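Contents: one structure, followed by commentary.
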Amino acid sequence: MSGSALPCGHTVGELLDLVVDGGLEPSDTALAEHARTCEHCRAEIAALENRWGPVRAVAATPVELPDGLLSRVLGTVRGLREHAFSEPAEVEQEGGTLQVSRRALLLLARGHAADVLLDLPGVHLRGLSTVDKVIQVEIAVRYGVPAVEVADTIAQRLVEKLRESVGAAAPEVSVEVIDVLPPRPELRLPPFE
Amino acid sequence: MTGDDQELMAAAAGGDVAAFDALVRRHTTKLYRVALRIVGDPADAEDVVQEAWVSAWRSMAGFRGEAAPTTWLYRVVTNAALAHLRRRRPTVPLEPEGKVESALADRSPTPEQAALSREKVDAVLRAIALLEPSQRVPLVLRELEGMSYEEVASVLEVSVAALRSRLHRARVALLAKLEELR
Numbered sequence: 001m002s003g004s005a006l007p008c009g010h011t012v013g014e015l016l017d018l019v020v021d022g023g024l025e026p027s028d029t030a031l032a033e034h035a036r037t038c039e040h041c042r043a044e045i046a047a048l049e050n051r052w053g054p055v056r057a058v059a060a061t062p063v064e065l066p067d068g069l070l071s072r073v074l075g076t077v078r079g080l081r082e083h084a085f086s087e088p089a090e091v092e093q094e095g096g097t098l099q100v101s102r103r104a105l106l107l108l109a110r111g112h113a114a115d116v117l118l119d120l121p122g123v124h125l126r127g128l129s130t131v132d133k134v135i136q137v138e139i140a141v142r143y144g145v146p147a148v149e150v151a152d153t154i155a156q157r158l159v160e161k162l163r164e165s166v167g168a169a170a171p172e173v174s175v176e177v178i179d180v181l182p183p184r185p186e187l188r189l190p191p192f193e
Numbered sequence: 001m002t003g004d005d006q007e008l009m010a011a012a013a014g015g016d017v018a019a020f021d022a023l024v025r026r027h028t029t030k031l032y033r034v035a036l037r038i039v040g041d042p043a044d045a046e047d048v049v050q051e052a053w054v055s056a057w058r059s060m061a062g063f064r065g066e067a068a069p070t071t072w073l074y075r076v077v078t079n080a081a082l083a084h085l086r087r088r089r090p091t092v093p094l095e096p097e098g099k100v101e102s103a104l105a106d107r108s109p110t111p112e113q114a115a116l117s118r119e120k121v122d123a124v125l126r127a128i129a130l131l132e133p134s135q136r137v138p139l140v141l142r143e144l145e146g147m148s149y150e151e152v153a154s155v156l157e158v159s160v161a162a163l164r165s166r167l168h169r170a171r172v173a174l175l176a177k178l179e180e181l182r
């Protein structure tokens, strides 16, 4: 479309940028000056204004924040902060002991949880914190996802990954389903294994 | 951006937890809106917002004010959204679902909105979701967020000339997708 030339020689693409950027009035370019008086350009501009209208409507439509998102974000960040000065976990290894801060463990768990969830369509991380040195994972699942089985799978895989990373210092993991999301048929959830 | 944002960012970068929480309260709606329009799904958008704030918190100490606070936050959420799109399994379609539209609340509709059918608005969201991320992101920031060319270029860390070129292709592609969806 951008290369389509009008009888006057200008292209639809040129006019599209003019329409979207609102550059027709006030006119300070040769194209805008020409377009205001060219019947071909004026007709095309009117058509483009009409076609671009829904995009402007979307831009003007407010987006509602999901219930609880703000408090979940604040909770996540506070959870990380609280462990800034916590006693570190210790990993025995050849040549000495490696200390891993609780905050680093939490961030590590968060990264691993995101990796685990990649293989589980319809499952979303809603919170990750530590309570009494246990990693507490909160998830939301789509309707149709077997919640109990998926929670067990996440706990098992997360513990495995943490053990791979920090060995015996890997904390326990507890997974809780806190929300069920409406179905989304096009997700084509795989059969649960 | 406001002067308050500058002060809050400076305080948060210095370890002021209340300042960081204030930034979260102030900007989460904006970050969610950008994330939703880029990833096309409310649940995925929430994942992106959580990740973006964790990322912001981790890198806040390194904020030196080279970019405006809002620009910096847009960059953080845009990067989180792009990372999410890269990581998302191919079995998950990019097309937004009904809930995307329901997340776009019909509060105080403008006369323009009232005149347009709901279907047309929904079609725009579906068409945007079908664009390549390299076109979708600048389009969302410029056409839906209403940022200036200079601001978007700063968020994406590209030149204004390069941005204009990408945006032109994105606009053309969007209109073509809208035609296909008619």
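Chains A and B, in that order, give the protein sequences.
Taking the UniProt record's numbering, I'd label the letters of the first sequence as residues 1 to 193.
Taking the UniProt record's numbering, I'd label the letters of the second sequence as residues 1 to 182.
Positions of the beta carbon are idealized from the N, C-alpha and C atoms, including for glycine.
A quick note: this is a predicted structure, and the numbers were derived from the prediction, not measured.
Hey, could you find the ends of the beta strand (DSSP E) residue i is sitting in?
| i | result |
| --- | --- |
| A/ASP179 | 172-181 |
| A/GLU92 | 89-93 |
| A/ALA140 | 134-142 |
Can you look up residue i in the DSSP assignment and give me helix, strand or coil?
| i | result |
| --- | --- |
| A/LEU107 | helix |
| B/GLY62 | helix |
| A/SER165 | helix |
| A/GLY127 | strand |
| B/THR29 | helix |
| A/LEU69 | helix |
| A/ARG184 | coil |
| A/LEU98 | strand |
| A/GLY13 | helix |
| A/VAL145 | coil |
To which residues of the same chain is residue i closer than 8 Å at the C-beta, ignoring the five residues directly before and after it?
| i | result |
| --- | --- |
| A/GLU90 | THR97, LEU98, GLN99, VAL100, ALA169 |
| A/VAL134 | PRO171, GLU172, VAL173, SER174 |
| B/THR78 | VAL34, ILE38, VAL137, LEU141, VAL155, LEU156 |
Starting from residue i and walking both ways along the alpha helix (DSSP H), at which residues does that stretch end?
| i | result |
| --- | --- |
| B/ALA81 | 69-87 |
| A/GLY53 | 39-60 |
| B/ARG169 | 160-181 |
| B/ALA153 | 149-156 |
Using a Cβ-Cβ cutoff of less than 7 Å, which residues in the same chain neighbour residue i once the five nearest sequence positions on both sides are dropped?
| i | result |
| --- | --- |
| A/CYS57 | First, the residue type needs correcting, since residue 57 of chain A is Ala and not Cys in the sequence shown. Around A/ALA57: no qualifying Cβ. |
| B/ARG169 | GLN135 |
Along chain A, which residues have their Cβ under 8 Å away from the Cβ of residue i?
| i | result |
| --- | --- |
| B/TRP53 | VAL73, THR76, VAL77 |
| B/VAL121 | PRO54, ALA57, VAL58, THR61 |
| B/VAL24 | LEU70, VAL73, LEU74, VAL77 |
| B/LYS131 | Looking at the sequence itself, residue 131 of chain B is Leu, so the reference to Lys does not match. The premise fails here: B/LEU131 is roughly 12 Å from chain A at the closest Cβ pair, so nothing lies under 8 Å. |
Taking Cβ-Cβ distances shorter than 8 Å, what residues in chain B pair up with residue i?
| i | result |
| --- | --- |
| A/PRO66 | TYR32, PRO42, GLU46, ALA103 |
| A/ARG110 | VAL54 |
For a contact meaning CB atoms closer than 7 Å, what does residue i contact in chain B?
| i | result |
| --- | --- |
| A/ARG157 | Within chain B, no residue comes near A/ARG157; the closest Cβ sits about 16 Å away, beyond 7 Å. |
| residue 194 of chain A | Because chain A here runs from 1 to 193, residue 194 of chain A falls outside it and cannot be looked at. |
Along chain B, which residues have their Cβ under 9 Å away from the Cβ of residue i?
| i | result |
| --- | --- |
| A/LEU16 | HIS168, ARG171, VAL172, LEU175 |
Please list the partners that residue i has in chain A, where partner means a Cβ-to-Cβ separation under 9 Å.
| i | result |
| --- | --- |
| B/ARG87 | ALA114, ASP115, LEU118 |
Excluding sequence positions up to five away, which residues of its chain have a Cβ less than 6 Å from the Cβ of residue i?
| i | result |
| --- | --- |
| A/GLY23 | ALA32 |
(request) State whether the region 84-99 of chain A contacts the region 110-119 of chain A, with contact taken as three or more CB pairs (one from each stretch) at a distance under 8 Å. (result) no
(message) I'd like to know if the region 174-183 of chain A and the region 135-149 of chain A are in contact, where contact means that at least 3 CB-CB pairs between them fall below 8 Å.
(response) yes
(message) Under 8 Å: do the region 157-175 of chain A and the region 17-29 of chain B share three or more Cβ pairs, one atom per stretch?
(response) no
(message) Is it the case that the region 56-63 of chain B contacts the region 40-47 of chain B, given that we only count it when at least three CB pairs across the two stretches are under 8 Å?
(response) no
(message) Would the region 135-142 of chain B count as touching the region 27-45 of chain B if we require 3 or more Cβ pairs under 8 Å?
(response) yes
(request) Would you check if there are 3 or more beta carbon pairs closer than 8 Å linking the region 46-64 of chain A to the region 120-136 of chain A? (result) no
(message) Within 8 Å, do at least three Cβ pairs link the region 32-48 of chain A to the region 9-24 of chain A?
(response) yes
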